[in-house]
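Novice:
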Amino acid sequence: MPNVRLVGELPVKLWGHTLDQWQKRTSKKLGANGVEPDGAFCLGSDWVFSAALAKKLLATPGAVLVVKDKDIDQERIAAVHANGAAPETAEALVNSIDPDWEALKQAGYTPGYMDDFVGDYDHALRKREAPYALSLFQNTPAQVERRLFKGSYKGVTDLVTKYAWPEPALHVTRLCANLRLTPNMVTTASLALVCLAFYYFWIGAWIPGIVAGWAMTFLDTVDGKLARTTMTYSAWGNIYDHGIDLIHPPFWYWAIYTGLIATGVSHPWLLPSLAVIIVGYVIGRITEGIFLRLYGFHIHVWRPIDAFMREITARRNPNLLIFMILALFGAPLWGFILVALWTLICVPFHIVRLVQAMASREQVTSFMDS
0 MPNVRLVGEL PVKLWGHTLD QWQKRTSKKL GANGVEPDGA FCLGSDWVFS
50 AALAKKLLAT PGAVLVVKDK DIDQERIAAV HANGAAPETA EALVNSIDPD
100 WEALKQAGYT PGYMDDFVGD YDHALRKREA PYALSLFQNT PAQVERRLFK
150 GSYKGVTDLV TKYAWPEPAL HVTRLCANLR LTPNMVTTAS LALVCLAFYY
200 FWIGAWIPGI VAGWAMTFLD TVDGKLARTT MTYSAWGNIY DHGIDLIHPP
250 FWYWAIYTGL IATGVSHPWL LPSLAVIIVG YVIGRITEGI FLRLYGFHIH
300 VWRPIDAFMR EITARRNPNL LIFMILALFG APLWGFILVA LWTLICVPFH
350 IVRLVQAMAS REQVTSFMDS
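Residues 0 to 369 in the numbering used here are what the sequence shown lists, from first letter to last.
1) Any heavy atom of the ligand GTP inside 7 angstroms of the beta-carbon of I243?
2) Could you give the residue range of the alpha helix (DSSP H) that holds A39?
3) Ends of the alpha helix (DSSP H) at W46?
4) According to DSSP, is P165 helix, strand or coil?
5) Quick check on DSSP: helix, strand or coil for D222?
6) So the candidates are S44, K28, A31; which of them puts its Cα closest to the Cα of K12?
7) Is the Cβ-Cβ distance between T172 and L259 less than 8 angstroms?
8) Pairing CB atoms from the segment 105-118 with CB atoms from the segment 128-148, are three or more of them under 8 angstroms?
9) In its own chain, which residues sit with a C-beta less than 8 angstroms from the C-beta of I298, not counting the 5 before and 5 after it?
10) Comparing C-alpha positions only, which one of L273, G223, T109 sits nearest to F335?
11) Look up G111 in the DSSP assignment and give the residues it is bridged to.
12) Helix, strand or coil, according to DSSP, for G43 in the structure here?
13) My understanding is that W205 touches P1, with C-beta atoms under 8 angstroms, so please give their C-beta distance in whole angstroms.
14) Roughly how many angstroms separate the alpha carbons of L29 and G329, rounded to a whole number?
15) Please report the residue range of the beta strand (DSSP E) in which E8 lies.
16) Buried or exposed: which applies to N316, given that a residue is buried once 16 or more other Cβ atoms fall within 10 Å of its Cβ?
17) Quick one: which unbroken beta strand (DSSP E) runs of 3-plus residues sit fully inside the segment 249-295? Chain order, please.
18) Please state the DSSP three-state secondary structure of I96.
19) Buried or exposed, going by whether 16 or more other CB atoms sit within 10 Å of the CB of V3?
20) Whose C-beta lies closer than 7 angstroms to the C-beta of R314 among residues of the same chain, with five residues either side of it excluded?
21) Does S189 come out as helix, strand or coil in the three-state DSSP assignment?
22) Once the 5 residues before and after D119 are set aside, which same chain residues still bring their CB inside 8 angstroms of it?
23) What span of residues does the alpha helix (DSSP H) with Q362 cover, start to end?
24) Report the option in K153, A89, A141, F200 whose CA atom is closest to the CA atom of A176.
25) Could you check what DSSP says for V159 in three-state terms: helix, strand or coil?
26) Between D240 and the rest of its own chain, which residues show a CB-CB distance below 7 angstroms, the 5 nearest in sequence each way excluded?
27) Looking at the structure shown, is Y152 part of a helix, part of a strand, or coil, going by DSSP?
28) Thinking just about the alpha-carbon of each residue, which of Q105, D70, V193, V63 is nearest to the one in A89?
29) Determine the direct distance from the alpha carbon of A51 to that of G283, and round the result to whole angstroms.
30) Just the Cα atoms here: how many angstroms apart are F250 and F197?
31) Please name the residue, chosen from F148, M184, L178, that lies closest to A168 on a Cα-to-Cα basis.
32) Looking at S49: is its Cβ nearer than 8 angstroms to the Cβ of G150?
33) When DSSP builds the beta bridges, which residues end up paired with Y198?
34) Tell whether a beta-carbon distance below 8 angstroms holds between T220 and T160.
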C-alpha cells in the first residue's frame with residue numbers, strides 16, 4: 000500500500016483529535032504504509048471517506064475520486080492515487096473543479112464516482128450503506144462525526160441496540176473521545192458492570208441488577224463505536240470485547256435463578272427453565288458458528304426473515320427486556336420462564352434455517368449482496 004500525502008490544512012478536530020492526527024491514524028488503519036510528504040496517494044485533508052471507499056482507493060493505483068457537489072452543481076477531485084506519474088502532478092489535481100475526464104484517462108488515471116469504486120454492502124457490519132465522501136469545508140465536524148458514527152453501527156442487531164442506543168451512544172462516544180478514553184477502558188467499565196449486575200441478580204435485587212445490566216449493554220455499544228470512529232481498534236480489543244459478550248450471559252441467567260431461590264421463589268419449572276436458557280444459548284451460538292464457517296457470512300443476513308429474527312431472538316438484550324418487564328410487574332419468576340419459552344421458539348428456528356441452507360441446491364448468499 001502507498002503512503003498518503005495530505006493536501007492542505009484545516010484547523011478542526013474530529014473525535015477529540017486534530018484533523019491531521021485523525022487522518023494519519025485513519026490512513027494507517029485502512030492500509031496505508033504511513034503519511035508522508037512524498038506519498039503517492041494524495042488526499043485533500045478536508046475529506047473524510049467511508050472505510051470501504053478509502054481501502055479501495057488505496058488499493059487502486061491510478062484511481063481519481065470525483066465527488067459531485069449538488070448544491071453548486073460542480074464536481075471536485077477529492078483524492079488521486081498516482082500511477083507512475085510524479086506525486087507532485089497528482090497532488091496538483093486534488094481539489095480541481097470540474098475535471099476533464101478524458102484528459103485524466105489519457106494521462107493514465109481512472110476517474111470515477113464513489114459507486115464506481117465500491118458497492119453498498121458492508122460485510123463486517125452486516126448492512127447496506129452507500130459509500131460517502133464528506134468535505135469539512137461543506138460539513139461541520141459534528142455532522143461528519145455523526146456520519147462516521149452511523150457508519151460504525153451494525154445494520155443487523157437486536158432491537159435495543161438498533162433503536163434505543165444510537166442517539167445516546169453517539170454523545171457518550173463523543174464524550175469518551177474528547178476525554179481521550181480508550182475503547183479498552185470502556186470495555187473494562189462494562190466488565191465491572193457485568194460483575195455488578197451478577198451480584199445484584201444473585202441476591203434478588205432486580206431493579207439494581209437490571210439497571211447495571213442495561214448500563215453494561217450500553218457501554219458494550221459505546222466501546223466498539225469509539226474504537227471505529229477514533230481508529231483505535233485492535234485485535235486484542237476485539238477479543239476482549241467479544242470474549243466478554245460471549246461468556247457472561249449464562250452467568251447472568253444462573254445468577255437470576257439463584258436470586259429467585261434466595262427471595263423464596265419455588266416452582267417446578269424454575270430449574271428446567273435455567274437448563275433451557277443456558278443450553279439454548281450454547282446451541283444457538285454453535286448454530287451461528289457452523290453457518291458462518293460453512294458460508295462465510297452470518298446466518299442473520301441470509302434472508303430478510305433472519306435479519307428480523309436477529310432483532311428479537313433469544314439473546315442477551317431481548318431476554319433482559321422480557322425479564323425486566325415482568326420483574327417490574329412483580330413477576331420475575333414468570334419473566335425467567337418466559338425467557339425460557341422464547342428460547343424454545345428461537346433456537347429451533349435458527350437450527351431449521353441452518354438445515355435449510357445445508358439442503359439448498361442454490362448457492363447460499365446474503366440477501367444484502369444482491
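Every residue gets a Cβ at the ideal spot worked out from N, C-alpha and C, and that includes glycine.
Specialist: Let me spell this out:
1) Only the bare structure without any ligand can be found here, which leaves the ligand GTP out of the picture.
2) That residue, A39, is in no alpha helix (DSSP H); it is neither H nor E in DSSP.
3) W46 -> not in any alpha helix (DSSP H); beta strand (DSSP E) instead, spanning 46-48.
4) helix
5) Helix.
6) S44
7) Cβ atoms of T172 and L259: not closer than 8 angstroms.
8) yes
9) T286, E287, F290, L291, D305, H349, R352, L353, A356
10) L273
11) For G111, which the question treats as bridged, DSSP gives the partners L64.
12) DSSP, reduced to helix, strand and coil, places G43 within a strand of the structure shown.
13) The pair is not a contact, with the Cβ atoms about 57 angstroms apart (cut-off 8 angstroms).
14) 51 angstroms
15) Unbroken run through E8: none, as it is neither H nor E.
16) buried
17) Those beta strand (DSSP E) runs which fall completely within the segment 249-295 and span 3+ residues do not exist here.
18) strand
19) Counting the other Cβ atoms within 10 Å of the Cβ of V3 gives 16 or more, which makes it buried.
20) D157
21) helix
22) R127, E128, A129, P130
23) No alpha helix (DSSP H) holds Q362; DSSP gives it neither H nor E.
24) Closest by alpha carbon: A141.
25) helix
26) T186, D222, G223
27) DSSP places Y152 in coil when its eight states are reduced to three.
28) V63
29) 31 angstroms
30) 7 angstroms
31) F148
32) yes
33) In DSSP, Y198 forms no bridge with anything.
34) In contact: T220 and T160 (Cβ atoms closer than 8 angstroms).
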